[in-house]
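Just add 2 to the spot in the sequence shown (first one is 1) and you have this note's numbering.
Just so it is clear, CB atoms sit at the ideal spot from N, CA and C, and this is done for glycine as well.
Computed from a predicted model, the values in this text were never measured in an experiment.
For reference, the structure is listed below as structure tokens.
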Amino acid sequence: MPFSFKATSRQALLIFGAAVLLVSVPVFIEAPLVRILPWLSVGLTVVWVWLSKLLMSRSATYVWGDLLLGFSWSWLAGSIYWGWLRWEPLWHLPVESIGLPFAVWCLYRNWGKVGNWFYFGSLLGTALTDIYFYIVDLIPYWRQIMVVEPEAASSILRSALLQVQTPAGVAWAIVLAVVLLTVGIVPLKYKQLHWYAFSGAVLSTILVDSLFLIAAIAA
């Protein structure tokens with residue numbers, strides 16, 4: 003096997019792993035930060051953009067800057083929504099789509115494919131999860147949990163879990179998982195870095211959704 007192929011495969015796996023990390027980590031870092039210091043969370047977007055530009059200025063790290071730039075859109079959208087609009091689920095997807103025009107324009111110009119496809123993957127995962135929430139009627143629990151004190155959230159999570167455990171909830175969860183797995187795995191056959199970034203973002207949605215499910219069970 004030629005060394006160049008090995009290097010490409012290794013880089014592709016690193017991009018995939020980084021995409022998974024960049025979707026999953028904000029659950030533990032951005033979510034608590036934005037509740038306490040929303041403006042700081044928004045301000046960190048500038049840091050991510052600056053760092054991405056720095057990395058993109060060097061050929062050896064260009065792809066990582068590209069990926070980070072796509073992540074900065076997800077971070078900014080998350081900061082805005084969870085900082086000020088989290089009480090209204092209807093605003094979730096529109097705010098998460100804040101970087102969509104820029105991403106489409108960049109791809110039209112064939113620029114920033116890794117980062118923009120990562121953003122598309124993250125946005126698609128968000129959209130499918132939101133659709134599940136609407137279909138299974140979890141939106142009322144979403145609204146409730148955003149206005150109560152943390153110690154009162156456990157009872158709401160248990161009620162939401164009962165809704166998920168209904169036949170319809172389980173059936174639609176299986177559909178969601180199958181769609182995410184299919185959309186996330188199929189692009190990998192093309193063996194291009196931007197598809198690895200896209201797939202990592204899509205498949206990590208399953209991980210994030212599983213973490214929320216575990217939290218509800220633990221409550």
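Query raised in the report: For the alpha helix (DSSP H) that M58 lies in, which residues bound it at each end?
Result: Residue mapping note: residue 58 aligns to position 56 of the sequence shown, counting from 1. Where M58 is concerned, the enclosing alpha helix (DSSP H) stretches over P40 to M58.
Requested in this report: Rounded to whole angstroms, what's the CA-CA distance from L228 to A220? Just pull it up for me.
Outcome: The structure shown does not extend to residue 228, since the chain spans only 3 to 221, so no value can be given for it.
Requested in this report: Could you check which residue in F104, V150 and V185 has the C-alpha nearest to that of G76?
Outcome: Taking the first residue of the sequence shown as 1, we reach residue 76 at position 74. In the sequence on display, residue 76 carries Ser and not Gly. Of the listed residues, the one whose Cα sits closest to S76 is F104.
Query raised in the report: Roughly how many angstroms lie between the CA atoms of W50 and S156, to the nearest whole one?
Result: Residue mapping note: residue 50 aligns to position 48 of the sequence shown, counting from 1. Residue mapping note: residue 156 aligns to position 154 of the sequence shown, counting from 1. Pairing W50 with S156, the inter-Cα distance amounts to about 34 Å.
Query - Start and end residues, alpha helix (DSSP H) containing Q238 - result: Residue coverage of the chain in this structure runs from 3 to 221, which leaves residue 238 outside it and unanswerable.
Requested in this report: Figure out for me which residue from D68, S81 and R60 has the closest Cα to the Cα of W41.
Outcome: Here residue 41 refers to the residue found at position 39 of the sequence shown. The shortest Cα separation from W41 among D68, S81 and R60 belongs to S81.
Query raised in the report: On the three-pair Cβ rule with 8 Å, is the segment 87 to 102 touching the segment 113 to 129?
Result: With a cut-off of 8 Å, the segment 113 to 129 and the segment 87 to 102 count as touching, because enough Cβ pairs lie within range.
Report task. Please classify D132: does DSSP put it in a helix, a strand, or coil? Result -> If you number the sequence shown from 1, residue 132 lands on position 130. Helix.
Query raised in the report: With DSSP run on the structure shown, which of helix, strand or coil describes I100?
Result: By one-based count along the sequence shown, residue 100 stands at place 98. In the structure shown, I100 sits in coil (DSSP, three-state: anything other than H, G, I, E or B).
Query raised in the report: What is the DSSP secondary structure of V149, counted as helix, strand or coil?
Result: Taking the first residue of the sequence shown as 1, we reach residue 149 at position 147. Correct three-state label for V149: coil.
Requested in this report: With a threshold of 16 other CB atoms inside 10 Å of the CB of W113, please say whether the residue is buried or exposed.
Outcome: The residue given as residue 113 occupies position 111 in the sequence shown. The residue is exposed, with fewer than 16 neighbouring Cβ atoms inside 10 Å.
Query raised in the report: Considering only the beta carbon of each residue, do S201 and I187 sit closer than 8 Å?
Result: Translated into positions along the sequence shown, residue 201 becomes position 199. Translated into positions along the sequence shown, residue 187 becomes position 185. For S201 and I187, yes; Cβs fall inside 8 Å.
Query raised in the report: What is the rounded straight-line gap between the Cα of L92 and the Cα of F135?
Result: As a first step, residue 92 must be located in the sequence shown, where it is residue number 90. As a first step, residue 135 must be located in the sequence shown, where it is residue number 133. Whole-angstrom Cα-Cα distance: 11 Å.
Query raised in the report: Between V180, Q13 and L102, which lies nearest to I208 when the distance is taken from Cα to Cα?
Result: Counted from its first residue, the sequence shown places residue 208 at position 206. Comparing Cα-Cα distances from I208 to each of V180, Q13 and L102, the minimum goes to V180.
Query - Which of helix, strand or coil DSSP assigns to K191 - result: Along the sequence shown, one-based indexing puts residue 191 at 189. Of the three classes helix, strand and coil, the one that applies to K191 here is helix, per DSSP.
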